[in-house]
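Remarks on the structure that follows.
Residue numbers (the working numbering): 3 to 264.
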């Protein structure tokens, strides 16, 4: 009779386990050009868009991924050693990271784009990607110091949206004028500006969202042709100092879509 420890044939090697664990660090993701995702829903979604380098699953979930030639069935103990989570969800996949050359992406292919200037919290970035997917926004430009979209926390927060939304890392003060030359109107979100609900906006449009603490940097702000703000409905002294950037992005995108921009 097989014990749980002998479920997997062949077993993962120690080197493979170390590799899976190491992908929590950006340096290792860059070196190996791989990233990790966990959970049956996220892994199933991302399998449609990325090449699976390796999938591992516990006995409970193996039938769901029998179609994958790179599947290995492992014990719960081995899964725990590979996982970045405190409570692993039974399925973990390592995917090949795609190559995206920013220089080839400056084309007028959509009516609405997002640009992120230094959004550093992985949860915020993951939520923004998921929101963009919901709103039908397929391209996000991000400054180099924006969180890595292939970090485990970001991947998990996107719930599979990462496969449908392209994240292009580029120097925004260089990239935004090139988008403008292609016909895009560049609008930034600021604490002070014209109300989002009163502004007349033209398409195609690129909306710039700023860092969680400092907002949009001056050199990026200089590229914005219009400043927008989400109006505050209570005095500053009686309410929050600012909105979370992921929430602000959802509000802005929702209103723009309501106006049928994009």
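Cβ atoms here follow ideal geometry from the backbone N, Cα and C, with glycine treated the same way.
Keep in mind that this is a model prediction, so the values were computed, not measured.
Item: Residues near residue 135 by beta carbon distance below 7 Å, same chain, minus five either side; Value: 163, 166, 167
Item: Residue 62 to residue 171 span [Cα, whole Å]; Value: 38 Å
Item: Where residue 74 falls, given that 16 or more other Cβ within 10 Å makes a residue buried; Value: buried
Item: Three-pair Cβ contact test at 8 Å for the region 241-257 versus the region 218-228; Value: no
Item: C-beta contact flag for residue 193 and residue 215 at 8 Å; Value: no
Item: Chain-order list of residues whose beta-carbon lies under 6 Å from that of residue 233 (same chain, five-residue window excluded); Value: 197
Item: For residue 168: DSSP bridge partner residues; Value: 141
Item: Bridge partners - residue 32, DSSP secondary structure assignment; Value: Answer is none; residue 32 lacks a bridge partner.
Item: Cβ pair count under 8 Å reaching 3, the region 118-128 against the region 143-153; Value: yes
Item: Completely contained alpha helix (DSSP H) runs for the region 191-259, where each covers 4 or more residues; Value: 220-223
Item: Candidates 56, 152, 93, of which the one nearest residue 102 by Cα; Value: 152
Item: Complete beta strand (DSSP E) runs within the region 32-98 (minimum length 3 residues, chain order); Value: 36-40, 54-60, 73-76, 93-98
Item: Environment of residue 133 [buried if 16+ CB atoms lie within 10 Å]; Value: buried
Item: N-terminal and C-terminal residue of the alpha helix (DSSP H) that residue 174 is part of; Value: 174-183
Item: Residue 159, enclosing alpha helix (DSSP H) - first and last residue; Value: 154-160
Item: Contact check, residue 161 vs residue 43, beta carbons under 8 Å; Value: yes
Item: Within 8 Å, strictly: CB atoms of residue 60 and residue 97; Value: no
Item: Close-in-space but distant-in-sequence residues of the same chain around residue 173 (CB under 8 Å, 5 per side omitted); Value: 145, 146
Item: Cα-Cα separation between residue 37 and residue 15, rounded to whole angstroms; Value: 18 Å
Item: 8 Å Cβ cutoff met for residue 210 and residue 189; Value: yes
Item: Alpha carbon of residue 86 to alpha carbon of residue 131, nearest angstrom; Value: 21 Å
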